[in-house]
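Notes follow once the structure below has been shown.
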Amino acid sequence: MKRILVKYYKKGDAAFLSHRETMRVLERALRRSGADLVFTSGFHPRVKMSFSPALPLGVAAEAEYLEAAVEGEPDLEEMIKRMNDALPEGMGVTSLQVMPGYMPKLSRWARYGLYRVEGGNGTLHLCMRLDGEGGGRLRDALQLLKERWGVEAEAVTRVGIYASRDEILEENPGKVYFYHAGKGELEEMEGSGAG
Amino acid sequence: MFFKRDIGQVSKPGRYLGIEVNARRKPLSASGANCVLVYPDVYEIGMSHLGLAILYEEINDRQDSMADRAYLPWVDMQELMERKGIPLFGLESRVPLGLFDLVGITLQHELTYANVLRILSLAGIPLRSAERRDSDPLVVGGGPGAYNPEPVADFFDFLLLGEGEEVIHEILDAVREWKQAGKKDRGGFLRRCASIPGVYVPSLYRVHYRADGTVSGIEPLEGAPMPVRKRVVADLDQKVKPRRPPVPLVESVHDRCSLEIFRGCTRGCRFCQAGMVYRPVRERSEDLLHGWGRELVSATGCDELSLSSLSSADYTRIIPLAERLSRDLERKGVAVSLPSLRTDSFSVELASRVGRIRKTGLTLAPEVASPRLRAVINKELSDRDLLEAVGAAYREGWRKMKLYFMVGLPGEEEGDVEAICGLVRRIMREGDGGGPPRGLRLSVSVSTFVPKPHTPFQWARQISLPETARRHFILKEGLRIKGVTWKWHTREMSYLEGVLARGDRRLGPVVEAAAREGCLDNWSEFFSWDRWRRALERYGLDPAWYVERERGEEEIFPWEHLSAGVKRSFLWEEYLKALRGEPTPDCRYADCMDCGACDGKEIVNRLAGGGR
Numbered sequence: 001m002k003r004i005l006v007k008y009y010k011k012g013d014a015a016f017l018s019h020r021e022t023m024r025v026l027e028r029a030l031r032r033s034g035a036d037l038v039f040t041s042g043f044h045p046r047v048k049m050s051f052s053p054a055l056p057l058g059v060a061a062e063a064e065y066l067e068a069a070v071e072g073e074p075d076l077e078e079m080i081k082r083m084n085d086a087l088p089e090g091m092g093v094t095s096l097q098v099m100p101g102y103m104p105k106l107s108r109w110a111r112y113g114l115y116r117v118e119g120g121n122g123t124l125h126l127c128m129r130l131d132g133e134g135g136g137r138l139r140d141a142l143q144l145l146k147e148r149w150g151v152e153a154e155a156v157t158r159v160g161i162y163a164s165r166d167e168i169l170e171e172n173p174g175k176v177y178f179y180h181a182g183k184g185e186l187e188e189m190e191g192s193g194a195g
Numbered sequence: 001m002f003f004k005r006d007i008g009q010v011s012k013p014g015r016y017l018g019i020e021v022n023a024r025r026k027p028l029s030a031s032g033a034n035c036v037l038v039y040p041d042v043y044e045i046g047m048s049h050l051g052l053a054i055l056y057e058e059i060n061d062r063q064d065s066m067a068d069r070a071y072l073p074w075v076d077m078q079e080l081m082e083r084k085g086i087p088l089f090g091l092e093s094r095v096p097l098g099l100f101d102l103v104g105i106t107l108q109h110e111l112t113y114a115n116v117l118r119i120l121s122l123a124g125i126p127l128r129s130a131e132r133r134d135s136d137p138l139v140v141g142g143g144p145g146a147y148n149p150e151p152v153a154d155f156f157d158f159l160l161l162g163e164g165e166e167v168i169h170e171i172l173d174a175v176r177e178w179k180q181a182g183k184k185d186r187g188g189f190l191r192r193c194a195s196i197p198g199v200y201v202p203s204l205y206r207v208h209y210r211a212d213g214t215v216s217g218i219e220p221l222e223g224a225p226m227p228v229r230k231r232v233v234a235d236l237d238q239k240v241k242p243r244r245p246p247v248p249l250v251e252s253v254h255d256r257c258s259l260e261i262f263r264g265c266t267r268g269c270r271f272c273q274a275g276m277v278y279r280p281v282r283e284r285s286e287d288l289l290h291g292w293g294r295e296l297v298s299a300t301g302c303d304e305l306s307l308s309s310l311s312s313a314d315y316t317r318i319i320p321l322a323e324r325l326s327r328d329l330e331r332k333g334v335a336v337s338l339p340s341l342r343t344d345s346f347s348v349e350l351a352s353r354v355g356r357i358r359k360t361g362l363t364l365a366p367e368v369a370s371p372r373l374r375a376v377i378n379k380e381l382s383d384r385d386l387l388e389a390v391g392a393a394y395r396e397g398w399r400k401m402k403l404y405f406m407v408g409l410p411g412e413e414e415g416d417v418e419a420i421c422g423l424v425r426r427i428m429r430e431g432d433g434g435g436p437p438r439g440l441r442l443s444v445s446v447s448t449f450v451p452k453p454h455t456p457f458q459w460a461r462q463i464s465l466p467e468t469a470r471r472h473f474i475l476k477e478g479l480r481i482k483g484v485t486w487k488w489h490t491r492e493m494s495y496l497e498g499v500l501a502r503g504d505r506r507l508g509p510v511v512e513a514a515a516r517e518g519c520l521d522n523w524s525e526f527f528s529w530d531r532w533r534r535a536l537e538r539y540g541l542d543p544a545w546y547v548e549r550e551r552g553e554e555e556i557f558p559w560e561h562l563s564a565g566v567k568r569s570f571l572w573e574e575y576l577k578a579l580r581g582e583p584t585p586d587c588r589y590a591d592c593m594d595c596g597a598c599d600g601k602e603i604v605n606r607l608a609g610g611g612r
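Chains A and B, in that order, are what the protein sequence lines are.
Using the numbering used here, count along the first sequence one by one with no gaps and you end on 195.
Using the numbering used here, count along the second sequence one by one with no gaps and you end on 612.
Structure below.
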């Protein structure tokens with residue numbers, strides 16, 4: 001059995017698909033990918049797979065992840081092609097890789113979400129935790145942005161999912177605000193912050 | 001812009017996006033027929049409907065035509081659209097319904113009639129056929145409701161009787177020709193359509209009434225055919241659709257792929273309209289179904305393939321077909337299911353053999369519990385058959401079963417209702433080979449019988465609201481059994497269904513008035529009998545006259561000009577036999593009963609074993 005990591009995007013009208021609907025669409029695409037999928041046991045077998053944390057309705061995403069288990073040697077090129085033929089407009093698979101044994105499960109490393117917030121007075125980046133510990137709601141963060149800086153979010157896109165804050169700063173040298181749900185505060189992120 | 005800004009405000013916006021996998025998204029054409037197929041209920045129900053999926057593919061496979069889809073938006077979306085002045089649009093093209101050439105609406109159930117009007121009004125299309133101008137779309141109906149569309153006849157330009165996959169092409173050709181000639185003289189165009197077999201143009205028939213409200217005659221105008229006969233596809237192996245149906249984005253009521261294994265049923269249950277109007281039986285061949293089923297799974301990615309028909313265990317080659325498909329699909333985590341099964345142990349064993357990887361609830365429909373009523377409805381089944389079926393299912397591992405019963409059948413007495421309680425108790429006492437099936441949970445669902453046109457019971461009376469309440473009381477008392485829950489259909493919903501099912505054209509204004517104040521009558525949270533009662537009162541019509549009146553042999557029905565093939569004389573004989581409790585055998589295995597559904601040449605029972 002091999003674990004594969006699927007990286008996909010969801011934009012345009014597809015941003016209005018709920019998390020559950022997105023999972024259904026991706027499960028069907030996987031079923032049509034030609035891969036020899038692994039199923040859960042029990043009366044109602046399901047494709048063995050897990051997803052990056054739910055996106056709020058209406059928020060587009062450039063790099064979301066899905067982890068699935070397959071048997072044998074999957075033909076990754078063919079899988080990408082077939083999955084893209086089986087996804088609704090606005091969704092697509094950008095990469096597909098076999099996960100090395102040492103790589104932690106998606107749920108272990110998918111901890112931070114980075115959002116691009118586009119408003120009338122420019123674009124900024126917002127980061128927040130996605131997991132239970134200190135993870136807040138995007139809606140609250142956007143409300144705070146509006147109150148503090150008068151930023152009226154017109155379009156919000158989750159640009160990526162990361163394991164640590166450092167990883168974000170490495171990739172995005174611009175100014176990033178971190179939403180601290182516990183304190184209800186927005187703070188400017190610095191390189192040395194703990195992950 | 002509407003989408004970007006507003007769609008996020010409504011519940012389940014996925015219902016309005018039109019980006020389903022396998023959606024064709026063809027552009028509207030300047031010269032060919034642009035159609036929008038409408039299911040007059042919400043997306044989750046409409047997307048499960050096979051008939052529209054077939055027509056969608058028939059139309060979109062033509063070079064010169066296109067078909068989009070539309071459903072009744074949920075109440076929050078209806079409100080938003082009205083507030084923003086957005087007319088109802090085709091999901092894929094986002095073009096308002098009013099700009100299509102043809103708006104095709106399926107009539108699956110009487111309680112969606114108000115939805116039909118709501119859809120037309122959301123689209124801004126004039127409600128009445130008589131009010132539409134040359135540039136307005138043609139509003140076309142179909143489905144089982146077309147066998148008596150009289151309560152909504154004024155709102156349709158024409159309706160199609162019977163199976164649509166052949167006649168639709170004749171319609172599309174006519175529409176294209178009319179469009180290319182500049183869409184002039186709508187009346188003349190409708191008269192031409194009336195000459196296409198299976199097309200019913202209500203405005204070409206004048207209905208005359210007696211002082212007592214019954215129909216005295218139906219007069220065809222300007223050479224319109226009398227009667228209009230339903231269309232039937234003789235050989236279903238020649239019509240294999242859908243192959244790539246759009247896959248619902250939002251979970252729908254039947255979240256699975258349907259493989260239609262045959263059409264028609266000749267068991268002859270006397271209450272069943274489908275069993276009468278979809279005759280004769282036409283089975284598809286086993287090899288074709290085997291290949292097609294696998295093709296559907298790979299074209300949709302679905303995890304359940306349902307072998308659908310009116311009674312799937314009756315398919316001649318059911319065991320080899322079900323076994324081949326489940327063997328091929330099991331590895332792919334796809335379950336094969338049989339949605340409509342007979343109440344016998346053969347069916348249960350069959351369900352169990354194919355359902356190896358999934359054991360959801362099992363549904364059996366004994367309909368009635370007393371031997372006398374079984375003879376009345378012509379459904380041969382004994383208590384022993386049912387007990388054996390339940391026992392077999394129990395031993396196969398099913399712990400949740402659903403039983404369907406009806407109350408209010410002709411000749412029913414209160415003792416027959418008590419027999420339902422007795423039978424259920426007996427199942428719980430001795431369902432497992434004489435002993436109690438421990439841990440079995442039984443859900444009993446009870447509907448009120450509504451006499452339907454083109455059935456032997458079209459002459460019969462339906463029970464009144466107090467009579468229904470009395471029967472429900474008996475069941476409520478008698479079904480207090482551990483492990484048993486029971487559900488009943490809302491009495492007033494069945495009553496309204498009864499008014500509309502055998503209604504006439506005088507109900508048109510009533511439907512219009514009721515629809516102005518609400519819709520979604522099949523949703524208990526929106527249904528209001530009061531709204532309908534007031535509308536009936538306003539037009540001086542008595543619901544009891546439509547529902548509770550026994551019709552005489554000579555009565556001219558409001559649907560007398562519409563033929564589903566089966567002869568009136570056959571139905572009357574069947575009604576008399578019902579009252580005498582006499583059986584009528586299944587013509588698949590016995591002699592021809594001369595019901596009128598076959599033509600003896602092309603249109604005949606066709607069995608997959610090659611038999612006729």
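Don't be surprised by glycine CBs; every beta carbon is placed ideally from N, CA and C.
Among residues of its own chain, excluding the 5 on either side of residue i, which ones have a beta-carbon nearer than 8 Å to its beta-carbon?
i, result
"B/G503", "N148, E150, P151, Y546, P558"
"B/R294", "L325, D328, L329"
"B/A392", "S345, V348, E349, S352"
Which value, in whole angstroms, describes the spacing of the CA atoms of residue i and residue j?
i, j, result
"B/P453", "B/D154", "19 Å"
"A/L26", "A/S41", "20 Å"
"B/D344", "A/S107", "48 Å"
"B/L17", "A/L114", "26 Å"
"B/M493", "B/R533", "12 Å"
"A/K146", "B/D136", "47 Å"
Looking at the secondary structure, which residues open and close the alpha helix (DSSP H) in which residue i lies?
i, result
"B/P421", "Rather than Pro, the amino acid found at residue 421 of chain B in this sequence is Cys. Note, B/C421: alpha helix (DSSP H), 414-430."
"A/C127", "Premise fails: A/C127 lies in the beta strand (DSSP E), 122-129, not in any alpha helix (DSSP H)."
"B/Y113", "113-123"
"B/L99", "It is not in any alpha helix (DSSP H) - B/L99 carries neither H nor E in the DSSP assignment."
"B/G188", "186-194"
Which word fits residue i, buried or exposed, when buried means at least 16 other C-beta atoms lie within 10 angstroms of its C-beta?
i, result
"B/W398", "buried"
"B/G301", "buried"
"B/C592", "exposed"
"A/M1", "exposed"
"B/K12", "buried"
"A/S33", "buried"
"B/L161", "buried"
If you drop the 5 nearest sequence neighbours on each side, which residues of the same chain put their C-beta closer than 7 Å to that of residue i?
i, result
"B/I357", "Residue placement at B/I357 is flagged as unreliable, the pLDDT there being 45, under the threshold of 50; the coordinate-derived value follows with that caveat. If we look at B/I357 and ignore the five residues flanking it on each side, its Cβ neighbours are E330, A335."
"B/P123", "Checking the sequence shown, residue 123 of chain B turns out to be Ala, not Pro. Closer than 7 Å at Cβ, skipping near neighbours: P87, L88, P96, L97, G98."
"B/Y209", "V215, S216"
"B/R612", "For B/R612, the pLDDT reaches just 49, beneath the cut-off of 50, and the residue's location in the model is therefore unreliable, although a value from the coordinates is still provided. Excluding sequence neighbours, B/R612 sits near V604, N605, R606."
"B/E166", "R231, V233"
"B/F189", "W178"
Can you list, in chain order, the residues of its chain whose CB lies under 6 Å from that of residue i, leaving out five sequence neighbours each side?
i, result
"B/R263", "Y278, R282"
"B/Q9", "none"
"B/A114", "A514, A515, C519, D521"
"B/R471", "V407, V417"
"A/A194", "Caution applies to A/A194, whose pLDDT of 42 falls short of 50 and renders its modelled position unreliable; the model cannot decide the point."
Tell me, to the nearest whole angstrom, how far the beta carbon of residue i is from that of residue j; I am working on the premise that it is less than 8 Å.
i, j, result
"B/V175", "B/D157", "Between B/D157 and B/V175 the Cβ distance is about 11 Å, and since that is not below 8 Å, they are no contact."
"B/L37", "B/L55", "6 Å"
"A/R127", "A/V59", "Rather than Arg, the amino acid found at residue 127 of chain A in this sequence is Cys. About 14 Å separates the two Cβ atoms, so there is no contact after all."
"B/L363", "B/Y315", "One detail in the question is off: residue 363 of chain B reads as Thr in this sequence, not Leu. Not quite, the Cβ-Cβ distance comes to about 18 Å (not below 8 Å), so this is no contact."
"B/S619", "B/L296", "Past the boundaries of the shown model lies residue 619 of chain B; chain B is included only from 1 to 612, so the question cannot be answered."
"B/E548", "B/Q462", "6 Å"
Got a sec, what are the start and stop residues for the beta strand (DSSP E) residue i sits in?
i, result
"B/G145", "B/G145 -> no beta strand (DSSP E), and no H or E assigned at all."
"B/R506", "Looking at the DSSP string, B/R506 is not in any beta strand (DSSP E), and its letter there is neither H nor E."
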